[in-house]
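The sequence shown maps to residues 1049 to 1329 in our numbering. Ideal Cβ positions, reconstructed from N, Cα and C, are used throughout, including at glycine. Notes to accompany the following structure.
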Amino acid sequence: QRLASVRTSWGPGMISSEDSRLVAHVMFSPTGQTGDLETVQSVMTALSAARRSGELQMPTGDFELEPVGSFQSQLEANQRLMWIIPLVALINFLLIYLEFRDLPVTLAVFTGLPVSFAGGMLMVGLAGVQLNTAVWIGFIATLGLAEDDGVVMATFIRQLLRRRRVTTIEQLRQTVLEAGLKRIRPCMMTTATTLIALIPVLTATGRGAEVARAMAWPVLGGMLVEPFASFVVPVMYCAFLEFRLWLGLGVLESDSEADSCGGISELSVTGRDCAVPVFPV
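Here it is as structure tokens:
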């Protein structure tokens, strides 16, 4: 009696299992034009369309299609970056505050960050790039670049106010306008050099160019709209200083301290020390 027969047939080279379930892997990889997440999404979309149309017939039983692979680590990295981005913004806010020691001025300078973030997000959407690790790294770089012009503008305004004794709103507005006219060119030069530096990255076609372009898109969008924030910072700063004048305070803390140290109106006091006249005996 014949107990067995030997024949040749096609079948899996090994039997794999995960979570006590049989698993069969169908391998695929990105073509280089798209990233891992985009490739997985396009494959799953194509498989779903094939199943709906009847082109792909699944065996009867408890079978399901589930993507696995290196893209899962990218998803985990994206989840970590979701709290790293706010942390970076908070650190930038604290650094600006340590520079000026003034909350309203810090808020005025900080307005450049959400404006640049919105511009970067808009550019990413227009470019059709999926949010991945490279894109979030580009946003982190954008947050660091966005505050530079505001810091330059606010610092120069404070320098002019320390050199002059501003007592009226007209003098204050003239000083802020002068500071803006003198510092708008350096701010525009910084933005222009950053945009020019992005041209080789955006036009690259070699290996790894897709990742580099993904990082460059947020920076491009953020720096294109960042000059608008350079006009907002002086206006908000001037509004805060006008409010101080309306309350009867000086435009700077040193001005109010000078008035409390004897009311010497003809001296321009800088810093926190009071000027005391010395008369010969």
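Would you check if the distance between the CB atom of residue i and the CB atom of residue j is smaller than 8 Å?
i       : j       : result
Asn1180 : Ala1262 : yes
Pro1275 : Met1236 : yes
Phe1119 : Asp1084 : yes
Val1157 : Glu1114 : no
Thr1223 : Met1271 : no
Thr1159 : Val1280 : yes
Suppose the cutoff is 8 Å on Cβ atoms and the five residues either side in sequence are ignored; what does the same chain contact list for residue i look like?
i       : result
Val1267 : Gly1168, Gly1186, Ala1189, Thr1190, Leu1193, Thr1242 and Leu1246
Ser1065 : Val1071
Pro1060 : Ala1072
Arg1231 : Val1200, Met1201 and Phe1204
Asp1197 : Gly1160, Cys1235, Thr1238, Thr1239, Glu1274, Pro1275, Ala1277, Ser1278 and Val1281
Ala1166 : Val1273
Arg1050 : none
Ile1063 : Leu1070
Ala1052 : none
Leu1095 : Leu1104 and Leu1113
Val1172 : Leu1179, Val1183, Trp1265, Pro1266 and Gly1269
Gly1109 : none
Hey, residue i and residue j are a contact pair by Cβ (cut 8 Å); roughly how many whole angstroms apart?
i       : j       : result
Val1153 : Ala1202 : 6 Å
Trp1184 : Ile1133 : 6 Å
Ser1099 : Met1092 : Looking at the sequence itself, residue 1099 is Arg, so the reference to Ser does not match. Their Cβ separation, rounded to whole angstroms, is 11 Å, which puts Arg1099 and Met1092 out of contact at 8 Å.
Val1259 : Ala1175 : 14 Å between Cβ atoms; not a contact.
Trp1265 : Val1177 : 6 Å
Leu1208 : Ala1227 : 5 Å
Would you check whether the ligand ATP has a heavy atom nearer than 7 Å to the C-beta of residue i?
i       : result
Leu1138 : For the ligand ATP, the structure offers nothing, since it holds no ligand at all.
Per the DSSP calculation, residue i is bridged to which residue(s)?
i       : result
Ser1065 : Leu1070
Leaving aside the five residues before and after residue i along the sequence, list all residues of the same chain whose C-beta is less than 6 Å from its C-beta, in chain order.
i       : result
Leu1170 : Gly1269
Asp1307 : Low confidence applies to Asp1307: its pLDDT is 42, below 50, so where it sits in the model is not reliable, and the reading given next is rough at best. Closer than 6 Å at Cβ, skipping near neighbours: no residue.
Tyr1145 : Thr1154
Leu1295 : none
Leu1104 : Ala1098
Arg1055 : none
Glu1290 : Ile1217
Ala1125 : Thr1181
Apart from the five residues just before and just after residue i, which ones in its own chain have a Cβ nearer than 7 Å to its Cβ?
i       : result
Pro1078 : Asp1084 and Thr1087
Val1136 : Ile1188 and Leu1191
Leu1161 : Ala1137, Asn1140, Leu1191, Ala1194 and Glu1195
Phe1148 : Thr1154 and Ala1202
Gln1122 : Asp1084, Leu1085, Asn1180 and Thr1181
Arg1221 : Cys1286
**Q.** Stretch pair the region 1213 to 1225 + the region 1279 to 1295: three plus CB contacts closer than 8 Å
**A.** Segments in contact, yes.
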